[in-house]
Amino acid sequence: MGEVIVITSGKGGVGKTTTTANLGTGLALEGKSVVLLDADIGLRNLDVVMGLENRIVYDLVDVVEGICRIKQALIKDKRYPNLYLMPAAQTKDKNAVKPEQMLKLTKELAEEYDFVLVDCPAGIEQGFKNAIVGANRSIVVTTPEVSAVRDADRIIGLLEANGLRNPQLIINRVKIDMVRRGDMMNIDDMVDILAIDLLGVIPDDEYIVVSTNRGEPAISESKSLAGQAYKNIVKRILGENVPFMNLDTDEGFMAKLAKVFGFRKK
Amino acid sequence: MDLFKLFNKGESSNSKDIAKERLQLLLIHDRANVSPQFLEMIKGEIMDVLTDYIEIDETGLEIKLTRTKRENDNSTIPALVANIPIKKMKENIR
């Protein structure tokens, strides 16, 4: 029996889809069989982020309506072993799927594959309820901004109220320079406020834009710092104990001294 | 120039500290799901009880949700704090 992991955030635009794409690809690279399930019906995006948009024939709504079989809707990503995408429908709305149908679908997928990663839509309405219903594990993505943290806190409450104990936190788009200056909340601040387990920290990385442009997840590019951070998270999901990246915010005495005398450390 | 900046910069001017402080207070309200109407209702009822015994300065009365540290394990918990300025105790009660 595989694991169903929902990737959620509350607020839109914090990196749920990018995170889903990278973690799924990473798990496949580690030899696991993985289905990426886009639950954002009406606003699908996981297909473009993965570069598989031209191969869609059937989608999630077709499957739950019985128009096609599960295997027909699954797109095999030929670049990686055992990685599949089930796209969301683009022309339907979120009420096209009922929670019971999603529960059945995720259950059937989990019987065949090691991991089912559900890319949750933004918001707390029907789409969210559909995305979490079949999950046995949850990941909350947020950025170090007040609006995203507030929404993440709301989502954590809703996940716990729906029986998903111990959601894990990914802090995305951390700008190390700003954290050093004291103009961005650091990891300790965020964990302190949200009070859940930290799964990983993704530094802000221009390469994410480049990789999304190309439709190739950053995790397959060894030069990308964000890709490296995603690799670490994949290992943690698989139970390995990987230390967190050093985003050291405490300047040493010499660094402070250098600053006072106007020397720039760069 | 830089030296002046260094001296002017107090600890609390870090914008991340402001963000953290604001969030912590905001989340207490979000988590408790307490509406301003609910606080007004509590305020009204507390006043009703107290005015039997004490003369209160109603304009200075303040009731708000905030956070405090629990004594036994130092964890942060929500607290209802009331600031009730007393004009005088009512004679007939004493």
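Residue numbers (UniProt numbering), protein chains in the order written: chain A, 1 to 266; chain B, 1 to 94.
Yeah, the Cβ is synthetic: ideal placement off N, Cα and C, and Gly gets one too.
Computed from a prediction, not measured in an experiment: that's the story for all the values here.
Residue i, DSSP secondary structure in three states
i: residue 207(A); result: helix
i: residue 79(B); result: strand
i: residue 142(A); result: strand
i: residue 22(B); result: helix
i: residue 43(A); result: coil
i: residue 233(A); result: helix
i: residue 200(A); result: strand
i: residue 72(A); result: helix
i: residue 90(A); result: coil
i: residue 156(A); result: helix
i: residue 64(A); result: helix
i: residue 72(B); result: coil
i: residue 59(A); result: coil
i: residue 223(A); result: coil
i: residue 172(A); result: strand
Residue i and residue j closer than 8 Å at C-beta
i: residue 130(A); j: residue 97(A); result: yes
i: residue 170(A); j: residue 193(A); result: no
i: residue 125(A); j: residue 94(A); result: yes
i: residue 23(A); j: residue 237(A); result: yes
i: residue 1(A); j: residue 135(A); result: no
i: residue 6(A); j: residue 132(A); result: yes
i: residue 219(A); j: residue 207(A); result: no
i: residue 83(A); j: residue 25(A); result: yes
i: residue 204(A); j: residue 14(B); result: no
i: residue 113(A); j: residue 34(A); result: yes
i: residue 151(A); j: residue 239(A); result: no
Alpha-carbon spacing of residue i relative to residue j, whole angstroms
i: residue 81(A); j: residue 32(A); result: 8 Å
i: residue 89(B); j: residue 57(B); result: 12 Å
i: residue 10(B); j: residue 186(A); result: Because the pLDDT at residue 10(B) is just 48, under 50, the model does not fix this residue reliably, and the point stays unresolved.
i: residue 189(A); j: residue 91(B); result: 52 Å
i: residue 122(A); j: residue 48(B); result: 45 Å
i: residue 61(B); j: residue 179(A); result: 40 Å
i: residue 101(A); j: residue 64(A); result: 6 Å
i: residue 227(A); j: residue 116(A); result: 20 Å
i: residue 243(A); j: residue 67(A); result: 46 Å
i: residue 191(A); j: residue 198(A); result: 7 Å
i: residue 128(A); j: residue 8(A); result: 8 Å
i: residue 99(A); j: residue 161(A); result: 16 Å
i: residue 232(A); j: residue 163(A); result: 27 Å
i: residue 105(A); j: residue 28(A); result: 21 Å
i: residue 1(B); j: residue 17(B); result: Here the model assigns residue 1(B) a pLDDT of 46, short of 50, so the residue's position is not dependable, and the following value carries that caveat. About 24 Å.
i: residue 12(A); j: residue 172(A); result: 13 Å
i: residue 224(A); j: residue 75(A); result: 26 Å
i: residue 30(B); j: residue 176(A); result: 29 Å
i: residue 79(B); j: residue 153(A); result: 19 Å
i: residue 50(A); j: residue 217(A); result: 7 Å
i: residue 36(B); j: residue 64(B); result: 9 Å
Residue(s) in a DSSP beta bridge with residue i
i: residue 242(A); result: Residue 242(A) pairs with nothing; no bridge assigned.
i: residue 89(B); result: 54(B)
i: residue 115(A); result: 3(A) and 34(A)
i: residue 84(A); result: 35(A) and 76(A)
i: residue 65(B); result: 80(B)
i: residue 8(A); result: 140(A)
Closer than 7 Å: residue i CB and nearest the ligand HEM heavy atom
i: residue 108(A); result: In the structure shown, the ligand HEM is absent, as is every other ligand, since no ligand is present at all.
Supposed contact pair residue j and residue i - C-beta distance, whole angstroms, cut 8 Å
i: residue 77(B); j: residue 66(B); result: Rounded, the Cβ-Cβ distance is 10 Å, inconsistent with contact.
i: residue 43(A); j: residue 85(A); result: In fact, because the Cβ distance is near 16 Å, the residues do not count as touching under 8 Å.
i: residue 61(A); j: residue 39(A); result: Not quite, the Cβ-Cβ distance comes to about 11 Å (not below 8 Å), so this is no contact.
i: residue 22(B); j: residue 146(A); result: 6 Å
i: residue 140(A); j: residue 167(A); result: 5 Å
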